[in-house]
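Step one of this worksheet: look at the structure below.
Now the structure itself:
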């Protein structure tokens with residue numbers, strides 16, 4: 092998750108990657124996930140935190156999490172497994 096740690100992110104979800112010069116905007120859920128990953132939480136821990144923070148069922152939380160992780164992979168911010 093080193094690539095995520097290099098991002099400059101403000102509280103509104105604007106993110107800037109100083110290594111690539113790319114910038115993008117995270118929605119509330121994406122910002123929450125990135126913060127938790129940067130704190131070192133595992134995938135299962137992040138999903139558990141999503142269930143606590145947002146009014147969603149486990150299936151929705153998992154789907155949203157893995158969809159977002161795929162977007163991070165596409166952006167080159169996390170490595171492929």
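Numbering (my numbering), first residue to last: 92 to 172.
Backbone N, C-alpha and C fix where the C-beta goes; we use that ideal spot for every residue, glycine too.
*asked:* Within 10 Å of its beta-carbon, does residue 105 have 16 or more other beta-carbons around it, so buried, or fewer, so exposed?
replied: If you number the chain shown from 1, residue 105 lands on position 14. Exposed is the call here.
*Near residue 138, which residues of its chain fall below 7 angstroms by C-beta distance, leaving aside the five closest residues on each side in sequence?*
Indexing the chain shown from 1 puts residue 138 at position 47. If we look at residue 138 and ignore the five residues flanking it on each side, its Cβ neighbours are 152, 153, 156.
*Alpha-carbon to alpha-carbon, residue 96 and residue 127*: Your numbering for residue 127 matches position 36 in the chain shown. Your numbering for residue 96 matches position 5 in the chain shown. Those two C-alpha atoms are separated by around 11 angstroms.
_Give me, in chain order, the residues of the same chain whose beta-carbon lies closer than 6 angstroms to that of residue 168; leave out the 5 immediate sequence neighbours on both sides._
Looking up residue 168 in the chain shown gives position 77. 94, 95.
*Where does residue 124 land, buried or exposed, given buried means 16+ other C-beta within 10 angstroms?*
Sequence index remark: in the chain shown, residue 124 carries index 33 (1-based). Buried, since its Cβ has 16 or more Cβ neighbours within 10 Å.
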